[in-house]
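**Student:** Would you mind keeping the following structure in view while I ask a few things?
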Amino acid sequence: MKCRHVLLLTAAICAFAVRSPAAEFTIDADFPGGNLLVDGIEGDVVRVRQDRRDTPRFWFHWSFRVRGAAGRSLTFQFQDGRVFGAEGPAVRVNDEPWRWLGRKGLDGDAFRFAFPADAREVRFSFAIPYVEDDLRRFLAARQHPNLRVETLARSEQGRPVELLRCGAPSAPGRPEVLLVCRHHACESSASFVAEGLIEAVLADDALGRSLRDSIAFLYIPFMDKDGVEAGDQGKARAPHDHWLDYGDNSRYATVRALKSRYTAGQRCDLALDIHSPYLDDDRVFFALGSDVRIAAGADRLARSLQLVRTGELRYDVADNLSFGSGWNRREEYGELRNFVDWAEQLPGLHAAATLEVPYASVRGVAITPANLRMLGRDLALAIDHCFRPADVQRRGEFVPSPVAGEIHRADLERSP
Ligand SMILES: [Zn+2]
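Taken in order, the sequence shown gives residues 0 to 415; the numbers are from numbering that gives the first Met the number 0.
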């Protein structure tokens, strides 16, 4: 309850739009995903900080809006550590697409922005945001007999948490893929990757038909729905976050509901949990679990992803983080169990992993919703490459799909 009290108090602060006394502009975070505290405004300098809320440790997530500043230049001076990623702040002027400001204009922990003369509303964010409204837009544009939207659970704050089904219907002997995102609310890149994967499953092409014929997909877009909508970072919440809630007495409704779906022996062949690494890490990588057989399955999926990749965001299996390396060690989270720890216990599972997708750039290529979706399509190709239902059943291992092989060959032939 203490947690909820803190959240409500913080929301009240965020809902208060700060109006500059010297000029007619307002700055606020009172929208889905908003996060900011304003320390003060002096002339054209606005002193701000990210709102950590119930997270005791440093984190860097922020997202805010400025209105009424057309034609002015303002400096936003952050007060609490390093909060810019590899491409600097993301910005959206009026209804234009999000873009990156880059790092050249940064001055330490501050950035300056010249508001265009027609700027009614400008949003700034650590990363390109993705909230429930974005999912609704995605779904509204994709009415498909193969896509069903159900409700996994009600969140602690009463929000319905979506569960999407697509691909082949569940059936005995048919592989099942579980895809989950936003265990850490602020890690928005994951949602664009998942969109690309779902689009690939629904597409009227060879890959889409192959996936819809052979594999059942279950996708949970927002494991921390309240955090996503409230603009929480969600990472390292006290006492623990959603990702680390997979022990015996789960705290969060979504985690309890997801676990309960699998207690009766519901099949799961591949469990994939998409995250983002630290603020300026620029590699896509899989963090593998402790079960050697299941980690080997994830490694095969990873090798397939490298093999079939067609999008501009590069992936190299050499970047993977094996269990026992870096943060991917049991000592990092003590007695708590994370999603992959739990998934590894599911009967018949072939592969499970955390897929880390950067916030801002991959090997120097700036992230866009479009190239993240292409990475999602590449992931769908890799899954198709790995999962041939008959072979999975017969041999208990993954073998290449002819469809993915053909697509890959066609792509190679097009390459210079
Ligand atoms: Zn994460």
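Beta carbons are placed, not taken as given, at the ideal position from N, Cα and C, and that holds for glycine.
Since this is a predicted model, take the numbers as computed values, not measurements.
1) Which residue from Arg66, Thr74 and Thr150 puts its Cα closest to that of Ala256?
2) In chain order, what are the residues with a CB under 7 angstroms from some non-hydrogen atom of ligand 1?
3) Using 10 angstroms around the beta-carbon of Arg236, count the other beta-carbons present and answer buried if the total reaches 16, otherwise exposed.
4) Quick check: what's the CA-CA separation for Asp53 versus Asp290?
5) Our contact map puts Phe338 next to Leu287 with C-beta atoms below 8 angstroms; I'd like the distance itself, whole angstroms only.
6) DSSP has Ile293 in a bridge; who is on the other side?
7) Can you have a look at Thr253 and say buried or exposed, based on whether 16 or more other CB atoms are within 10 angstroms of its CB?
8) Using only CA atoms, which one of Arg147, Arg18, Pro368 and Asn93 lies nearest to Ala116?
9) Look at the Cβ atom of Ala189, then the Cβ atom of His241, and state whether they are nearer than 8 angstroms.
10) In this structure, how does DSSP classify Gly39 when only helix, strand and coil are distinguished?
11) Within the same chain, show all residues whose beta-carbon is closer than 7 angstroms to that of Ala152, passing over the 5 residues directly before and after it, in chain order.
12) I need the straight-line Cα distance from Pro128 to Asn370, nearest angstrom please.
13) Would Val307 pass as a contact of Ala193 if the rule is Cβ separation under 8 angstroms?
14) Who are the near neighbours of Val316 in its chain, counting only those whose CB is closer than 6 angstroms to its CB and skipping five residues on each side?
15) Would a check of beta-carbon distances place Leu371 closer than 8 angstroms to chain C?
16) Kindly give me the distance between the Cβ atoms of Val431 and Phe123, rounded to whole angstroms, as I take these residues to be in contact under 8 angstroms.
17) For Trp341, list the residues DSSP reports as bridge partners.
18) Could you give the DSSP three-state label for Gly375: helix, strand or coil?
19) State the start and end residues of the unbroken alpha helix (DSSP H) segment that holds Ala167.
20) Can you check DSSP and say which residues form a bridge with Tyr218?
21) Is the beta carbon of Ala167 closer than 8 angstroms to that of Ser209?
22) Return helix, strand or coil for Phe137, following the three-state DSSP convention.
23) Mark Gln232 as exposed unless 16 or more other C-beta atoms lie within 10 angstroms of its C-beta, in which case mark it buried.
24) I need the boundaries of the alpha helix (DSSP H) containing Val254, first residue and last residue.
25) For Glu120, report the span of its beta strand (DSSP E) as first-last.
26) Given this structure, state the Cα-to-Cα distance separating Gly207 from Arg299, to the nearest angstrom.
27) So for Ala16, helix, strand or coil by DSSP?
28) Considering only their Cβ atoms, is the gap separating Gly67 from Gly87 smaller than 8 angstroms?
**Tutor:** On the basis of the supplied data:
1) Thr150
2) His182, His183, Glu186, Lys234, Trp242, His274 and Ser275
3) buried
4) Distance between the alpha carbons of Asp53 and Asp290 is about 32 angstroms.
5) That belief does not hold up - the Cβ atoms of Phe338 and Leu287 are roughly 13 angstroms apart, past 8 angstroms.
6) Paired residue(s): none; Ile293 is not in a bridge.
7) buried
8) Asn93
9) no
10) Strand, per DSSP.
11) Answer for Ala152: Val160, Ala252, Thr253 and Ala256, listed in chain order.
12) 15 angstroms
13) No, the pair does not count as a contact, with Cβ atoms beyond the cut-off.
14) Ala301, Arg302 and Gln305
15) Within the model displayed, chain C is absent; a lone protein chain is all it includes.
16) Because the chain is modelled from 0 through 415, residue 431 falls outside the range shown and cannot be assessed.
17) Trp341 is not bridged to any residue.
18) It is helical.
19) No alpha helix (DSSP H) holds Ala167; DSSP gives it neither H nor E.
20) Leu163 and Leu178
21) no
22) Secondary structure of Phe137 (DSSP, three-state): helix.
23) buried
24) Ala252 to Arg260
25) Glu120 to Ser124
26) 21 angstroms
27) coil
28) No. Outside cutoff.
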